[in-house]
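S.K.: Structure provided below as C-alpha cells; questions to follow.
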Amino acid sequence: MVNVVAKGITKIYKSRKKEVVALDNVSIDIRSGESFGILGPSGAGKTTFMRIIAGLDIPTRGELYFNDELVAVSGKLVVPPEDRNIGMVFQTWALYPNMTAYDNIAFPLRSLRMNKDEERKRINEVSDILGIAHVLNHYPRELSGGQQQRVALARALVKNPSILLLDEPFSNLDARIRDSARALVRRIQNELKITTITVSHDPADIFSIAERAGVIVHGKLVQVDKPSAIYSNPVTVEVARLIGDLVELSGRVEERNNKVYAVVDDFTFPISKVTAGDVRLGIRLEDLKISDEASLGDEWVLVGKARVKVSSYSSGLFRVTVVPPSNDNTEIVAMMDRPFDVGKEVNLFVRSGKVLVFS
Ligand code: ADP
Ligand code: MG
C-alpha cells in the first residue's frame, strides 16, 4: 500500500494570453490504505489533482511522492503513468463500447502478457466481488448504469493497484441507486485496504466513503479533517455552503449578562467565540426550529419572536421561512414536520452551540 504526499503542488494552464491557476500550492499527506475524499465545487481543480497523481498531467511547481519515491517534480514526470500502479474510474466510466464487459476489464492486463488462465482467474475474482460475473459477455449498452459503473470499477481494480482514484464516480448514476453504489465502494475499499481518493462536488459522496477529506476551493486546499468535523466546524462560509444548506446572517456582537450574543435585528443568537464588531453567522437548517411554545428544553435556545413569511414543502418536510418583526428581509428558514400559517407569530429557537461564526 502506498501513501501519497503532495508538497506545494501548483498547476498553471497557459492558453494564449490567459493563465489559469488550477491548483495553488496544495500540500497533503494521504495515508497508506486510507479512504480520502476531496470536496470542491465545479472548476475547483479536483480533476487536475487526480490527473497529476495518475501521471496524466505534470505539476507546474511542487513535488509528488508515493511513499518516499519522488514521482513528479516541477514540470517533470519522474515516474510515467504506466509505472504508477493506479486504477482510475472517471466520471463517464469511459468503457469501450465495442468490447464486452469481460474485454473491458481485461484491457489493463493485456500489456502484462498474462497467460489466459491467469487472466480469467483474476477477472472472475474481481467480477465476483462486484457482482457482475453474470454479465461479463454483455456490451456496455446492454448493461444498466449501475452495472456499467461496476465494470469500470472492476477494470480499475483488476491489476491490484496500490492507489484507486475515483473522479465523481456516482454523478452519472440514478439517485435511487447511488447509496448502494457508495456502500459497495466503501466495502471494497475496506476489504482491500487500498489507498483511495474520491473527488466530488457532492458532500454525500464524501460522507459515505471518506475517512478523511480535504476541501478545495479555487485550487486551494482550505481544510482537511474528518467529514463530520468539516461539517460541524467549517473554516469558511464557502466550505460551510459546500457541505449543506445554511442560513447566513450578518450580526453585531454584544455582551449581555456575561454572555455573548450576535444580534440580528430583533434576534439574539448565543455564540461562544468572542469576536468584537460585525460577524457573519451560519446556521444549518436542522439547527433551527419554530414553535408556539416559549421553551423547548435545554437543547434549544430562544432567539426571539418571528413572523411566518412563507411555508412550503420539500422532501417530507415543511420549509418555513420566518422574519423578525422589524425587518421583512432577514429571512430564516427552518425545516419543520408540519406547515405553519403565513403571518402567524411564533418563537424562533436555535440548537445550543450550533451557531457557526465567521469573521
Ligand atoms: P474540477 O474537476 O474541480 O471541476 P478541473 O480540475 O477540471 O476542476 O479544472 C480546474 C480549472 O482548470 C478550471 O478553471 C478549468 O477550466 C481549468 N483547466 C482544466 N484543464 C485544463 C486544460 N487542459 N487547459 C486549460 N485549462 C484547464
Ligand atoms: Mg472534474
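So the mapping is simple: the working numbering equals the position in the sequence shown, first residue as 1, plus 155. Glycine is no exception: its CB is placed at the ideal position from the N, C-alpha and C atoms. Small disclaimer: the values here were computed from a predicted structure and weren't measured.
Count the other C-beta atoms from every protein chain shown that fall within 10 angstroms of the C-beta of residue 259, then say buried if there are 16 or more, exposed otherwise.
M.R.: Flag for residue 259 reads buried.
S.K.: With a threshold of 16 other CB atoms inside 10 Å of the CB of residue 309, please say whether the residue is buried or exposed.
M.R.: The residue is buried, with at least 16 neighbouring Cβ atoms inside 10 Å.
S.K.: Could you say if the stretch 478-495 and the stretch 388-408 meet the contact criterion of at least three C-beta pairs nearer than 8 Å?
M.R.: Yes: the two stretches touch, three or more of their Cβ pairs being nearer than 8 Å.
S.K.: What's the C-alpha gap between residue 183 and residue 482?
M.R.: The straight-line gap from Cα to Cα measures roughly 45 Å.
S.K.: Which residues bound the alpha helix (DSSP H) around residue 386?
M.R.: Note, residue 386: alpha helix (DSSP H), 382-387.
S.K.: Identify every run of the beta strand (DSSP E) within the stretch 309-353, keeping only runs that are complete inside it and at least 3 residues long; order them along the chain.
M.R.: Fully enclosed beta strand (DSSP E) runs of 3 or longer: 318-322.
S.K.: What are the start and end residues of each continuous alpha helix (DSSP H) run of 4 or more residues lying completely inside the stretch 193-253, in chain order?
M.R.: Runs found: 201-209.
S.K.: Run through the DSSP bridge pairs and tell me what residue 490 is partnered with.
M.R.: DSSP, once it has assigned bridges, lists 474 as partnering residue 490.
S.K.: I need the boundaries of the alpha helix (DSSP H) containing residue 272, first residue and last residue.
M.R.: Note, residue 272: alpha helix (DSSP H), 271-285.
S.K.: Terminal residues of the continuous beta strand (DSSP E) containing residue 445?
M.R.: Segment 443-446, the beta strand (DSSP E) holding residue 445.
S.K.: Beta carbon of residue 209: closer than 7 Å to some heavy atom of the ligand ADP?
M.R.: No - the ligand ADP has no heavy atom lying nearer than 7 Å to the Cβ of residue 209.
S.K.: Taking 8 Å as the threshold (C-beta atoms), are residue 444 and residue 436 in contact?
M.R.: Contact flag unset, no.
S.K.: Under 8 Å, do residue 426 and residue 418 count as touching if we go by C-beta distance?
M.R.: Result no, Cβ atoms of residue 426 and residue 418 do not sit closer than 8 Å.
S.K.: Do you know how far the Cα of residue 406 is from the Cα of residue 515?
M.R.: Here the chain has residues from 156 to 514 only, and residue 515 is not among them.
S.K.: Can you look up residue 267 in the DSSP assignment and give me helix, strand or coil?
M.R.: Residue 267 falls in the coil class under three-state DSSP.
S.K.: Please name the residue in 306, 322, 300 whose C-alpha comes closest to that of residue 191.
M.R.: With distances taken between Cα atoms, residue 191 lies closest to 322.
S.K.: Quick one: is residue 173 buried, meaning 16 or more other Cβ sit within 10 Å of its Cβ, or exposed?
M.R.: Looking at its Cβ environment, which holds fewer than 16 other Cβ atoms inside 10 Å, residue 173 is exposed.
S.K.: Spell out the partners DSSP gives residue 425 in its beta bridges.
M.R.: 416, per the DSSP bridge assignment.
S.K.: Please return the same chain residues whose Cβ sits closer than 7 Å to the Cβ of residue 232, not counting the five positions on each side in sequence.
M.R.: Answer for residue 232: 210, 213, listed in chain order.
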